[in-house]
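Chemist: With the numbering used here applied, the sequence shown corresponds to residues 15 to 238, in that order.
We treat Cβ as the ideally placed atom computed from N, Cα and C, and that holds for glycine.
Since this is a predicted model, take the numbers as computed values, not measurements.
My structure is below; once you've seen it, I'll send some questions.
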Amino acid sequence: MMMSLFSMFDPSANFSLQTNWMFMILSILLLPPLYWCKKSRINNVVTMILNVLSKEFSSLFSNNILMRGSILISMSLFLFIMFNNLTSNFPYTFCCSAHMVFSISLSVPIWLSIIIFYWTNLTKTMLSHLVPMGTPPVLMPLMVMIELTSNIIRPLALSVRLSANLIAGHLLMALLGNTLNLDGFIWPLVVLLQTGFMFFELMVAIIQSYVFSVLMTLYSSEIS
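Set out below in structure tokens:
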């Protein structure tokens, strides 16, 4: 009996224990401790990435003084998602980022905290953003509904984008892996294609984590 391609995303492990979700915490162990006299190469790479992200997110918050403290949250969010995406490409690892539970649990609390903060402190500004400038009075109620709907679906769109890209990549890698059982001279070509696709998936893992954190940062900095 053949198993479904989506069985690789099954979170249950042996003895019906769903311990694979603990794998997303193991990404923290990839960062070596900072008490050594000389930093490792991994620490140097992480420090370089953090410096670049700090400059990038600082430019996004240049017009918003209230939310400049969110830079550390955005950087931590990027690193957490990136390490989970990268480690999920290794064999016999569980892809937490492919599940909507993982992405929604990150996007909804951050988005909700941003909305509560702005509506509590900048109520008039938030109300003015519901109606674009120059809107005819007849269309104002419709524009309010459209703006509210677009704001509500933002965390869902972020979650679907992250999960869908990782699911599609892992399914294609699984399909390419199944073709290795074919006889003849086709399997060297499949190995070459799968190697190239593996590097492509690593780039997608980094890009998707960057897109997730940048969009979340833009949502928090769009109200000036």
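1. Can you tell me the Cβ-Cβ gap for Leu207 and Leu190, rounded? I've got them flagged as a contact below 8 Å.
2. When burial is assigned at 16 or more other CB atoms within 10 Å of the CB, is Met159 buried or exposed?
3. Using the C-alpha atoms, what's the distance from Phe214 back to Ile200?
4. Which whole runs of the alpha helix (DSSP H) in the region 147 to 209 are 4 residues long or more, in chain order?
5. Looking at the structure shown, is Leu144 part of a helix, part of a strand, or coil, going by DSSP?
6. Would you say the region 145 to 161 touches the region 101 to 108, given that touching needs at least three Cβ pairs under 8 Å?
7. If I'm right that Met96 touches Ser177 with Cβ under 8 Å, what's the distance once you round it to whole angstroms?
8. In chain order, which continuous runs of the alpha helix (DSSP H) of length 4 or greater are located wholly inside the region 47 to 134?
9. Alpha carbon to alpha carbon, what distance is there between Phe92 and Leu172?
10. Below 8 Å between beta carbons: does that hold for Ala219 and Leu120?
11. Report, in whole angstroms, the separation of the C-beta atoms of Trp249 and Pro169, which I expect to be a contact under 8 Å.
12. Distance check for Ser111 and Gly183, CA to CA, integer angstroms please.
13. Using the C-alpha atoms, what's the distance from Lys69 back to Ser250?
14. To which residues of the same chain is Ser88 closer than 6 Å at the C-beta, ignoring the five residues directly before and after it?
15. In terms of alpha-carbon separation, which member of Phe116, Ser90 and Phe94 lies closest to Arg175?
16. Three-state secondary structure (DSSP) at Glu236?
17. Is it right to say Ser73 is buried, meaning 16 or more other beta carbons lie within 10 angstroms of its own, or is it exposed?
18. Report the residue from Leu156, Asn98, Ile167 and Asn57 whose alpha carbon sits nearest the alpha carbon of Ile129.
Modeler: By the coordinates alone:
1. About 6 Å separates the two Cβ atoms, so the contact holds.
2. exposed
3. A direct Cα-to-Cα measurement between Ile200 and Phe214 gives close to 21 Å.
4. 154 to 166 and 168 to 192
5. coil
6. no
7. Actually they are not in contact, since the Cβ atoms of Met96 and Ser177 sit about 15 Å apart, beyond 8 Å.
8. 55 to 74 and 85 to 101
9. 13 Å
10. no
11. With the chain covering 15 to 238 only, the question about residue 249 has no answer from this structure.
12. 12 Å
13. With the chain running from 15 to 238 in the structure shown, residue 250 is simply not present.
14. If we look at Ser88 and ignore the five residues flanking it on each side, its Cβ neighbours are Phe71, Ser227 and Thr231.
15. Phe116
16. coil
17. It is exposed - the Cβ of Ser73 has fewer than 16 other Cβ atoms within 10 Å.
18. Per the Cα distances, Ile167.
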